[in-house]
Structures are given as C-alpha cells and as structure tokens.
Amino acid sequence: MKTGIGRCFPRIRMQLAAVGLALVAGWSAGCDRSAEGKGKADEAPPVPVQTAVAVQRDVPRTVDSIGAVQALRTVAIKSQVDGIIAQIHFREGDEVKAGDLLVTLDRRPFENSLRIARASLANAQAEAEKATADLNRYKRLQEQQAISQEQFAELSTKAATTEAQLQGAQAGVANAELQLGYTEIRAPIAGRTGQLILHEGALVKANDVNQSIVTVNQLTPMGVAYAVPEDALPEIRAALAQHRVHVTVADRAESTTPIEGKLEFVDNAVDATTGTITLKATFPNEDHSLWPGQFVHVTTETGVDRGAVVVPTAAVENGQSGSQVFVVDAAHKVALRPVKIERTTGDFALVTGVQAGETVVTDGQLRLVPGVRVEAKDLSGQAPAAEAEAAR
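For any residue, its number in our numbering is found by taking its place in the sequence shown, counting from 1, and adding 796.
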C-alpha cells in the first residue's frame, strides 16, 4: 500500500524539472542580451575630436616682453640769453640736422652791446699804448737819474693797469660777440622737431628751467627699454657673453615685420618690487618705424633647441601623475601617454614622450578614455602658422 509521501514524489519531480527548464531558458536569454549589448558597444560611433601632428624642428629659446621706445638723445631747445623771438626757421615735425638754424632772437640789443664793448676796447687800447710809450720814455730818464724812483714806479703801475684794462675790454668784446651769437639758436643734434611751444614775438629767458622753445628727438638709431623676469637673467648673460643674443621688436599687434637690434645694456640690479631687471637695446630705425613713447613687443633670443618635438599646448593635460596627452593610433583609437614639458613658446609646447609624426588630441579630451575610437578633425592645416609661431 502506498503512503502519502510516496504519492508526493512524482509531483515534486515534475516541479523540479519545470524549474530547471525555466532556469535554462532564462540563462539562454541573458546570454543573448549580453551578446547583443556587446555587439552594440562594438558598433558605438567614434567620438569626434580635433587633432594635430607632433612635429620636430629647431625652436629658438626666447623671452617675450613689452618695451617702451625711447629716443637715445632728446634735447629741449632753450635760449642762453634773454630776448624776443624774431623768427622761427622750422616747422613742427621737421627733420633737422645738427647745426641747423632753428630760432633767431632780436639782434639789436646785442649789436648795441657789441658796439659799446668795441668802443671801450678802442679807448682801453689807446690808454694802454700811451701808458706803454710813457713808461718807455721815462725808463730812459730813470736810467739817467733824471726822475726819481718813485715817479718811475708810478708810471710802471699805470702801464700795468692800462694793460689789464685793455685785456678786460677785449674780454668784453668777446663776451658781447658771444651773446650776439646766442641770438641764433641752432640744433645741437640731428632729429625731428616736436610741438612748438613759444612763437615769434615771445619773450624768452636765459636757460629757463620751466620753459623750452621746442624739443628735438633723435630718431636714428632708436632705443627700446624693457624688463625681463629675473629668472631669465642667467641665460641672457651667458648668451651675451658668447655674442649670441638676438633682439627683435614689432608693434604690439605684430602687424609689422620684426626689426632686428642689439642688446646694449643690462641694469646692475633687479627690481625687488617686480622681480624683473631692465634691459635696453638699440635699433637702426632707418625707416622711422619706431617712435618715441611707443610700446612694442620685444623678443630676446638666447639660443636654439635643436630637433625639439612640438605639440600645441591644448593637447597637454594635467593628470594625477603629471602632464599627459591622448595619442591617436592607426586604428583611430586613443592611448593616454605621460609627457614632460621642456618649455612652452606661444601656443606650443616642447615635449618629450611623443615622437614626431604622432597624432595628438587637441580638443575633446573630456569625452575620451583609453581605447575609445575617435573621429579626428586634423588641424595640421594650421601647421604653417604653428611653425611660424614655434620658430619665433
């Protein structure tokens, strides 16, 4: 006779079999979905990025600064005598040569003074000649003891006095001639005249510290003063000692061809406030492209890094372990690679860790992980501009 437990075994076996079939079916369906997801991942569209090719070239070592153009010689034209301006012989902005007549003062008072001085000279000369003749005549009488020693001494004193008066009169004439000469004010240097401050009819005072007639600036050659960081000083001094410092300037918009000059001066102290040191360079400026007071872009070249690998600075990121770039391989997949920045110049960086000819990502890095496929928009078409910038 069958018990209740025995009758339950067939039903249990049937239920277990049904559960097993359900598990197998579920596992099979899961495998199908996993395979389907993997296929979709493999078919994911590439990430759009911008790229550039690392290039190898010789890159100058430069320090960029903003400088102020300064005239090497500036002269404020003043009068050396009091007088009235009678005539102006130049126009504002004229080019003048050293010795050119700029201003004439009213000569009449000085001509009168010269005539008076010459009259005094003639009188002194007559007095001196008479005193000398008297002394010579009385000298013979004194030798014959016809006059006393005291009389002869008095005549000797008179002759010496008149001779001194003659020399004074001669000096008076020379001074009057000099004062008359000062009525013609001439250019002490070659250069360009500026704004005329005093005009014809104006009264001028001798060496007036508060007023000048005009200012003349020398334009050729021209100087540029600029400051560089104190950290750049050792390299600049070393290059200067080896005569391999090159200085160029361009306007701040860099719309003109750079002008080459020569470093002439390095200040003897660092400015403790700014941490910079002042340098001065001179430029021929034959075309007058540099103007006093103008601000210019100054590039000081101290050497050249030969065969450096250059990439855009936009390609370099700061990671946890340092600088890094995404490199695109032939299969259009990216790999993250650490690099070392040797230095930067403009928008480009000199790096080690990347080979010339390799492609690096310059935009879109935030969407990337190693191994992702990318669709690159190559910016190497901008290479000429890049090369020009890096070669500066």
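For each residue, glycine too, the CB sits at the ideal point set by N, CA and C.
Distance between residue j and residue i (C-alpha atoms, nearest Å)
i, j, result
"Arg852", "Gln1120", "The question names Arg, yet the displayed sequence has Gln at residue 852. So the two alpha carbons sit approximately 19 Å from each other."
"Thr1141", "Asp1101", "12 Å"
"Pro842", "His1128", "9 Å"
"Ile880", "Val865", "35 Å"
"Ala1034", "Val855", "18 Å"
"Asn1081", "Thr989", "17 Å"
"Thr1053", "Ala1046", "7 Å"
"Asp878", "Ala915", "23 Å"
"Lys1173", "Thr847", "6 Å"
"Asp1125", "Leu1036", "44 Å"
"Ala882", "Arg869", "27 Å"
"Ser861", "Asn1013", "24 Å"
"Ala949", "Leu974", "37 Å"
"Leu1146", "Ala1152", "11 Å"
"Leu1015", "Thr953", "60 Å"
"Asp896", "Arg982", "5 Å"
"Asn1114", "Val892", "59 Å"
"Leu1029", "Phe1122", "36 Å"
"Leu931", "Ala965", "21 Å"
"Ala972", "Arg903", "11 Å"
"Thr1011", "Gln1038", "39 Å"
"Arg1040", "Gly987", "31 Å"
Residue i, DSSP secondary structure in three states
i, result
"Gly1057", "strand"
"Leu897", "strand"
"Asn1064", "coil"
"Ile873", "strand"
"Glu1138", "strand"
"Ala1002", "coil"
"Gly964", "helix"
"Thr1072", "strand"
"Tyr934", "helix"
"Arg1040", "coil"
"Val969", "helix"
"Ala1126", "coil"
"Pro856", "strand"
"Pro844", "strand"
"Thr958", "helix"
"Thr1096", "strand"
Residue i classed as buried or exposed, judged by whether at least 16 other C-beta atoms fall within 10 angstroms
i, result
"Val944", "Per the sequence shown, the amino acid found at residue 944 is Ser instead of Val. Answer is exposed; the Cβ neighbour count stays below 16."
"Thr858", "buried"
"Ile912", "exposed"
"Gln1161", "buried"
"Ser875", "buried"
"Ala998", "exposed"
"Leu937", "exposed"
"Phe1091", "exposed"
"Thr1069", "exposed"
"Val1000", "buried"
"Val1005", "exposed"
"Thr1158", "buried"
"Thr1148", "exposed"
"Ala1065", "exposed"
"Ala850", "buried"
"Ala1049", "exposed"
Test item: CB-CB of residue i and residue j under 8 Å
i, j, result
"Val1107", "Val1156", "yes"
"Ala894", "Met1018", "no"
"Gly1071", "Pro1025", "yes"
"Thr958", "Ala929", "no"
"Leu917", "Gly968", "yes"
"Ile1055", "Thr1096", "no"
"Glu888", "Leu992", "yes"
"Val1191", "Val1135", "This structure does not reach residue 1191, given that the chain is present from 797 up to 1188, and the question cannot be answered."
"Val1094", "Val1130", "no"
"Pro1166", "Leu1132", "yes"
"Ala1021", "Ile1073", "no"
Any C-beta of chain D under 8 Å from that of residue i
i, result
"Ile1055", "Among the protein chains of the structure shown there is no chain D, as only one such chain exists."
Distance cut-off 7 Å: residue i Cβ against heavy atoms of the ligand MN
i, result
"Trp1087", "Ligands are entirely absent from the displayed structure, and the ligand MN is therefore not among its contents."
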